[in-house]
Amino acid sequence: MKSYKDFTITAKLRLLVVLAVGIALLFSCVAFVANHVYTIRSSMVAQMTALASVLGSNCTAALSFEDANAADEVLDSLRQQPAVEFACIYDAAGRVFASYHPAGGAFLPPRVPAERGHRFGDGGYLDVVAPIKHQGQAVGTIYIRTSMSDLDEQILRYVGIAAVVTLFSLASSIVLSLRLQRVISVPILNLAKAAQQVSVEKNYFLRVTKTANDELGVLYDQFNAMLEQIQQAEAAIQRSHDELEVKIEHRTSELSRANKDLNCEVSERVRAEAELVVIHQKLMEAARRAGMAEIATGILHNVGNVLNSINVSASLATDRMKQSRFKDLVRAVQLVEAHADDLGTYMTADPKGKQLPAFLALLARSFSEERADVVRELDLLTAKVHHVMTIVATQQSYAGVSGIVETVDIGTAIDDTLKLNSASLDRCHVSIVREYEDLPKVRMDKQKVIQILFNLLNNAKESLAECPNQQDRKLILRTMREDANSVSIHVVDNGVGIPPENITRIFSHGFTTKKTGHGFGLHSCSNAANELGGSLQASSDGVGKGATFVLTLPYQPA
Amino acid sequence: MLALGLACACQHSALAQQGTDGGFVNREYPLKALFLYNFGSYVEWPPDSFSSEQAPFVIGVLGSAPLERTLRDLAATKTIGGRKILVESYSSVATIKPCQILFVARSVNPQQQRMALARLRNQHVLIVGESAGFAGQGGSVNFFIESNKIRFEINPESARQQHLKISSKLLSLAKIVEGN
């Protein structure tokens, strides 16, 4: 069973028309018949009431003068009203005065009704009861009963007419709707067909031709406009699709080219990487060599410095020995040998012999002094040689050999360093000022500290040596506790100082202001200080105002 | 036959009616009295027939007839045209006073009747008689008995001379006569 919604538009329209016409006709027929019935009944009531009134009025004289025949004559006029079943006139006392009964036969006039007015009886009749008045006085009553069978017949006739009209109208409405619905359904069906065709064939070039300028015409136009838009969109899509394909092709070729390039690049990269490995190895090698060179430079530098001192000491010893009064001793010995026979006489009689013991004693004293000097110088020489050995050992620690950590008294370490430099410091007439705080011994790599200090002292000495005034050359060595975990050694000179622009560069490798410098000393000192876990800082108030180097070392209680 | 009998039984017997005591009562004069009263509402008198607004409607009876009692009963309860009814008896023509209806009894001799008619000519008086030929002699209305029923004849010309308008309804019940 299809629901009403699934009917075709044709069927819907037909049903719509038939239903509308049918319902309208039904209502109008019912209303028509009902109105007719009501009108007929009302008019009947009016007619019979008027008739009763007229008849009653015509009977007043008959009643007044008791002329029943006259009343009968009046009632006889009812013969023109075939629907009247009977009529009665009663006098003022309610007695039957005259009666009318056209059907004939036995007729017993009813009693005078108590109610006035009209009443529809169940048997299909209308009773009208009206008073008869003469000059305001009731002189009697008239009672007329009218059959309603005519009305029933009329109603039946009307219903029949209505039914026939309804059927005819329905039939003609169906026939008309069959023709007229096409005005609506055919364009819709055409549109539906066209839409279906479009959706099946995907043919957006299709257009519908409108037949009227009503809403369907608008629909057609809209449909066409929609197809137009779809067509355009389709074209645009096709266009962009084509463009896209071109682009894809282009991109693909580009990609393949790029891929090719990439492959080349990759092989190049592999080659480059291989080269890089080689370069890296070379660099490593170079770095190692540079490190070795640095180590060598460090060794050479430090050893050079110490060799300077060794040279000085050796020169001093040599000079001492050259200045020795050894010839005097030889001459004295020759004198003794020449006077070996008469040595006693010679020593007691000869004026020269007499001076010989004293001369020998002088020589002995002189030799003793010489010996002490030479021994001291040789000791220093030994110490410096030892330091050279230490330097070599220390430089080995650069190459991974760790230094020897010992318990050190910082003041002793400074003094040891001073001893190493004492000859050159003395030669430069530098006055040393020691300001040592009473510090506990610490554990550290002593040789490294000494190396740093040796460099710092050497630098200070060279700085002071450039000062023209020999009297004021002063070197202050100061130790102090920085905090719970660090101690510091200050090397303060009043030499040529450092220009501010160089302060930040003095620790760089290769930076130097000396004619014979390598730019390595302070750099290696800074490195060494870092290796010790401390730091090396420099400050200067400017050229000619001296410099202060502070070596900060971690305090590790012994 | 039964129906017809019943219908006849129900018809008013004009002159004889079964009384409460079972005997028949002569209703001639009561009916005539009633008719006289009823004439008051089917006849129109000119306005100057009455001396004043409050003047009574006078019904006069000339001669002797047994209807005065009925008339007085009616006068006691009814009015004509809003006026009280006054019943007067005149023993002779000379004693007739102005009235609206004058009933001339059969007992009055014809000469007297003519005198009365002559005296009241053009007097706005409805003159009712009960003697044969009364209407033809100038009376307006005259009672007669036909089929045992009281009927009346009317001389419209005479009524017009008296300046009276008689209702067509009354005329339709009456036998119309013309003057001699």
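Line by line, the protein sequences give chains A and B. This note's numbering numbers the first residue of the first sequence as 1225 and each following residue consecutively. This note's numbering numbers the first residue of the second sequence as 19 and each following residue consecutively. In this text, a Cβ means the ideal position worked out from N, Cα and C, and glycines have one as well.
Asked	Found
Counterpart residues of Ala1791/A in DSSP-defined beta bridges	Within the shown structure, residues of chain A are numbered from 1225 to 1782, placing residue 1791/A beyond reach of any answer.
Continuous beta strand (DSSP E) stretch holding Cys1312/A: start and end	Val1308 to Asp1315
Residue range of the beta strand (DSSP E) that includes Lys1698/A	Lys1698 to Asp1707
Top-ranked residue by Cα proximity to Ile1264/A, from Glu1339/A, His1325/A, Tyr1382/A and Ile1313/A	Tyr1382/A
Cβ-Cβ distance between Ala1322/A and Ala1295/A below 8 Å	yes
Reference Gln1659/A, options Gly1635/A, Asp1640/A and Lys1643/A, closest by Cα	With the sequence shown as reference, residue 1659/A is identified as Glu, and Gln is not the correct amino acid for it. The shortest Cα separation from Glu1659/A among Gly1635/A, Asp1640/A and Lys1643/A belongs to Gly1635/A.
For Val1629/A, the residue or residues it bridges with in DSSP	Asp1669/A
Backbone secondary structure at Gly1719/A - three-state DSSP	coil
DSSP state of Gly41/B mapped onto helix, strand, coil	Confidence at Gly41/B is low in this model, with a pLDDT of 46, below 50, so the placement of that residue is unreliable and no value is reported for it.
Where Gly157/B sits in the DSSP three-state scheme	coil
Option nearest Ala1317/A by Cα separation, candidates Leu1332/A, Ser1301/A, Leu1287/A and Gln1453/A	Leu1287/A
Within-8 Å CB hit, Ser1288/A to chain B	yes
Secondary structure of Glu1690/A, DSSP reduced to three states	coil
Distance, Val1536/A Cα to Ser1548/A Cα	18 Å
Bridge partner(s) assigned by DSSP for Ser107/B	Val79/B
Close Cβ partners of Glu1594/A (< 7 Å) along its chain, the five nearest in sequence each way excluded	Arg1544 and Ser1548
Local conformation of Phe1344/A per DSSP, three classes	strand
In chain order, each beta strand (DSSP E) run of at least 3 residues that lies wholly inside the segment 1316-1384 of chain A	1320-1324, 1341-1345, 1349-1358 and 1361-1371
Whole runs of the beta strand (DSSP E) within the segment 138-196 of chain B, excluding any shorter than 3 residues	144-147, 159-164 and 167-172
Beta-carbon proximity of Ile1615/A to Thr1641/A, cut-off 8 Å	no
CB-CB length for Thr1776/A against Ser1750/A, believed under 8 Å	At roughly 12 Å, the Cβ-Cβ gap does not stay under 8 Å, so Thr1776/A and Ser1750/A are not in contact.
Arg1555/A, enclosing alpha helix (DSSP H) - first and last residue	Phe1550 to Ala1562
Environment of Gly81/B [buried if 16+ CB atoms lie within 10 Å]	buried
Contact set between Leu191/B and chain A, taken where Cβ atoms lie within less than 8 Å	Ala1285, Ala1286, Phe1289, Asp1291 and Ala1294
Spatial neighbours of Phe1344/A in its chain, beta-carbon cut-off 6 Å, leaving aside the 5 residues before and after	Leu1350
Listed by chain order, chain B residues near His1260/A by CB distance under 9 Å	Ordered by position in chain B, no residue passes the 9 Å Cβ test against His1260/A, which lies about 38 Å from the chain.
Contacts of Gln1359/A in chain B (Cβ-Cβ under 7 Å)	Ser59
Proximal chain A residues relative to Asn56/B, where beta-carbon distance stays under 7 Å	Ser1288 and Phe1289
Inter-residue CB distance, Val195/B and Leu54/B (contact presumed, cutoff 8 Å)	Between Leu54/B and Val195/B the Cβ distance is about 19 Å, and since that is not below 8 Å, they are no contact.
Simplified DSSP assignment, three categories, for Lys1236/A	helix
Chain A within 8 Å of Lys187/B, Cβ atoms only	yes
Counted within 10 angstroms of its Cβ, other Cβ atoms place Asn1709/A as buried (16 or more) or exposed	exposed
Inter-stretch contact at 8 Å, needing at least 3 Cβ pairs: the segment 1403-1422 of chain A / the segment 1226-1238 of chain A	yes
For Pro1333/A and Arg1303/A, believed in contact at Cβ under 8 Å, the rounded distance	Actually they are not in contact, since the Cβ atoms of Arg1303/A and Pro1333/A sit about 18 Å apart, beyond 8 Å.
Chain A contact for Phe161/B (CB, 8 Å cutoff)	no
According to DSSP, residues forming a beta bridge with Glu1659/A	Arg1702/A
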